[in-house]
Each structure stands twice: as structure tokens, then as C-alpha cells.
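With numbering that gives the first Met the number 0, letter number 134 in the sequence shown gets 133, and the count goes up by one each step, no holes.
In this text, a Cβ means the ideal position worked out from N, Cα and C, and glycines have one as well.
Notes for the one structure printed next.
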Amino acid sequence: MTLATFSKYPAFGVLLGLFGALVITPDTLFMRLSEMDVWVMMVWRGLQMGGFLLLVWMVYALFNYSADKRKADIAALFSRQGITAVGAILFGGVTFVYGVAETSVSIVLFSLACSPLFAALFSTFLLKERTHMVTWVTMVVSLVGIALTVWGGDEAVAAPQGSVLVGALCGLSTAAALGLNFVMFRSRSDIPLLLANGFGAFFTGLFGLFVLGASAAGLSGIFIGNVAAISVSGLIILPVSFMALTAATRFTRAANVSLFMLLETVLGPVWVWLGTGERPGLLTICGGVIVVVSLTVYIRLLLKTESS
0 MTLATFSKYP
10 AFGVLLGLFG
20 ALVITPDTLF
30 MRLSEMDVWV
40 MMVWRGLQMG
50 GFLLLVWMVY
60 ALFNYSADKR
70 KADIAALFSR
80 QGITAVGAIL
90 FGGVTFVYGV
100 AETSVSIVLF
110 SLACSPLFAA
120 LFSTFLLKER
130 THMVTWVTMV
140 VSLVGIALTV
150 WGGDEAVAAP
160 QGSVLVGALC
170 GLSTAAALGL
180 NFVMFRSRSD
190 IPLLLANGFG
200 AFFTGLFGLF
210 VLGASAAGLS
220 GIFIGNVAAI
230 SVSGLIILPV
240 SFMALTAATR
250 FTRAANVSLF
260 MLLETVLGPV
270 WVWLGTGERP
280 GLLTICGGVI
290 VVVSLTVYIR
300 LLLKTESS
């Protein structure tokens, strides 16, 4: 039985997207529980997730794809759009881990939630699609919310004492990378999702390994931290949520999936607070509410526009 079997059930795509979004919500908690240095954490997350996704593609392709289909996947991966997608995944993987290690999880996740807006902007400039006024208004409102989260960032309890501004910029950079990634997949639908995301994640791990190896401590610290905790993230949470969310886009609209992804923005900080005691300040919460509400309204308007 394949996923296509369930396509006759209208709610299947919605439930699959909801499942994937719920699975990814504790990701940042396990990043915190790993207690790893930023580059060590990047190595484990990237190599584990990337290796897992590439292995899944190889096994599936071996038993289900013809030789021509495998060649077509490789060709699409090395197209301009495919290489751009892999590069965006690599960039986003680096900035996300760095941001989480630098400052409060809430600030990074609230900034990351803006990825649908970046997708709309990239669609305008790269695909020549029309950007509605509501997109610009939502972006301005969201930036006001993010500014509030940064302003109140120093009020966070039990959070890393790095730069709040750097953390927010890392979150926005990751959001931009996700938006570009989404547009690349839309512009060329034959890009193999497992391969592109697998290589992007794997290269993220290799980048962390390179930086770690070039540091004064070298690779001696690779096992310092809770390997089991980061492995829950790299081998379970990320691959399972990715495959569920990716599959969901084949059965429901992408805007629905974007709406579900806001669950990570809301629940991610809650999991971290319950697990580690890290909690944002009042201004950060207020800014986050502004971001989440504005994006929820924006996505609902997109769905309404698509329906009409």
C-alpha cells in the first residue's frame, strides 16, 4: 500500500501535515538537551539527517525506480534549480543551528516563521509572480513583531548569553533559505526531494566538521555532549517530520502546510521551557504573538484566494 492509496480521503493530507508539524516541535528541546558546542551539534544533526535521507532514497530507488528514473533524478539534482536548493538547505542548516546556540530559541523560531513571506518575495523576483499587497503588509507587521522580540531578548531566563540580534538575523536568514528552497522546488517539480534535502543536510554536517577541525580544539570535542539527545533530533525528529511534511504537500495545499508549521513557532519554546527552564521575556512573547497572528491571517487569506 502506497501513500497514493489515501489520496481519496480529503483529510489525509491535512492530517499528514499536522503529524509532521507536531513531530518537529520538540526539535529545539533536544538541541538544548544535547549541551553541545554549535559546530559539534551541526556535525551530528547534519550528518545524521543527511545520511538517513540519502539512505532512504538509495533503498527506495534501488527497488522501485528504473535506471532511467534514477538518472533523471541525478540530472534534476545537478540542474541550476537543484544546486540552488541544496545550497539553500546548507545555508539554512548552518544559520539555524548557529542561531539556536547563540540566543533564546523563541527569538530564532519567531524569525523563522517568516519563511512564507520570503517564498512570496522570491516568487516575485525569480518566477515573476505577482506579490499581493497583503504580503508586504504582513512582512512589515512581522518585522515589527521581530523587533519587539529582539528588544526584549535580554529578559529571557536560562537562555544562552549570546547576541540577540545575531540570533534574530540567523532566524531570518534560515527563513529566507527555506523560502528560496520552496521556490526552487516549485520552479522545477522533478527535483528529487530526498536527494536535495539529504545532500543539503549532509553538507551542513561536513561544514561543521570542517570548522571544528580547523579550530584550536580540533575534532577532540566531537563526542562532548549528549549524543543520544542530538541523535533523537537527527535520526528521528528531522527525517520523520521532513518526509511527512513533504508528502503532505502532494495531498493538500502548501499554504496549509505552512500554517501547520507555525505549531513549531508556538510549541517549540514551550517544550524548551518545560525541558530546560528557558523562557522568553514578556516583550519577546508579545512580539512573537504579533508574528504568529499576522502570519496566520496571511496564510488564511492565501487559502481563501486560492479557493476563489
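Requested in this report: For Thr304, count neighbouring Cβ atoms within 10 angstroms of its own Cβ and tell me buried if that reaches 16, exposed if not.
Outcome: exposed
Report task. Name, in chain order, the residues that DSSP records as bridge partners for Arg278. Result -> Val156
Query raised in the report: Apart from the five residues just before and just after Leu179, which ones in its own chain have a Cβ nearer than 6 Å to its Cβ?
Result: Ala87, Phe121
**Report entry** Proximity winner among Leu111, Leu300, Met30, Arg44, relative to Gly204 (alpha-carbon distances)
**Finding:** Here the closest residue by C-alpha is Arg44.
Report task. Please report the Cβ distance between Leu32 and Asn255, rounded to the nearest whole angstrom; I am assuming they are in contact, meaning their Cβ atoms lie under 8 Å. Result -> Between Asn255 and Leu32 the Cβ distance is about 31 Å, and since that is not below 8 Å, they are no contact.
Requested in this report: Would you check if the region 268-288 and the region 34-52 touch, i.e. whether three or more CB-CB distances between them fall below 8 Å?
Outcome: no
Query - Rounded straight-line distance, which links the Cα of Gly98 to that of Leu15 - result: 29 Å
Report task. Could you work out which residue in Asp153, Thr295, Asn63, Ala174 is closest to Leu281 when comparing CA atoms only? Result -> For Leu281, the closest alpha carbon among the candidates Asp153, Thr295, Asn63, Ala174 is that of Asp153.
Requested in this report: Identify the continuous alpha helix (DSSP H) that holds Thr203 and give its terminal residues.
Outcome: 192-213
Query raised in the report: In chain order, which alpha helix (DSSP H) runs of at least 4 residues are fully inside the region 51-130?
Result: 66-76, 79-101, 104-111, 114-125
Query raised in the report: Run through DSSP, which three-state label would Thr245 get?
Result: helix
Requested in this report: Please state if the CB of Gly166 and the CB of Val107 are separated by a distance shorter than 7 Å.
Outcome: yes
Query raised in the report: What separation, rounded to the nearest whole angstrom, lies between the Cα atoms of Leu164 and Val149?
Result: 6 Å
Query raised in the report: Taking Thr283 as the reference, which of Thr123, Val143, Phe198 has the closest Cα?
Result: Val143
Query raised in the report: Hey, is the region 118-132 in contact with the region 229-238, meaning 3+ C-beta pairs nearer than 8 Å?
Result: no
Query - Length of the line joining the Cα atoms of Leu300 and Ala118 - result: 16 Å
Query raised in the report: Leaving out the 5 sequence neighbours to the left and right, which residues in its chain are closer than 6 Å to Gly315 when beta-carbon positions are compared?
Result: Residue 315 falls outside the range modelled here, since the chain spans only 0 to 307, and no answer is possible.
Query raised in the report: Taking the continuous alpha helix (DSSP H) assigned at Gly166, which residues delimit it?
Result: 163-186
Query - Beta-carbon spacing of Ala20, Leu262 below 7 Å - result: Between Ala20 and Leu262, the CB-CB gap stays under 7 Å.
Query raised in the report: Run through DSSP, which three-state label would Gly286 get?
Result: helix
Query raised in the report: Does the Cβ-Cβ distance between Gly91 and Leu177 come in under 7 Å?
Result: yes
Query raised in the report: Which of helix, strand or coil does DSSP assign to Glu34?
Result: Coil, per DSSP.
Requested in this report: Check each candidate in Asp26, His131, Ile223 and name the one with the smallest Cα separation from Ser105.
Outcome: Asp26
Query raised in the report: In whole angstroms, what is the alpha-carbon distance linking Glu277 and Ala155?
Result: 7 Å
Query - Minimum C-alpha distance to Cys285 - residue among Ser141, Gly12, Trp135 - result: Ser141
Report task. Label Gly49 either buried or exposed according to how many other C-beta atoms from any shown protein chain fall within 10 Å of its C-beta, with 16 as the threshold for buried. Result -> buried
Query - Three-way DSSP call (helix, strand, coil) for Arg252 in this model - result: coil
Query - Chain-order list of residues whose beta-carbon lies under 8 Å from that of Ile190 (same chain, five-residue window excluded) - result: Ala75, Leu76, Ser78, Gln80, Gly81, Ala84, Met183, Phe184
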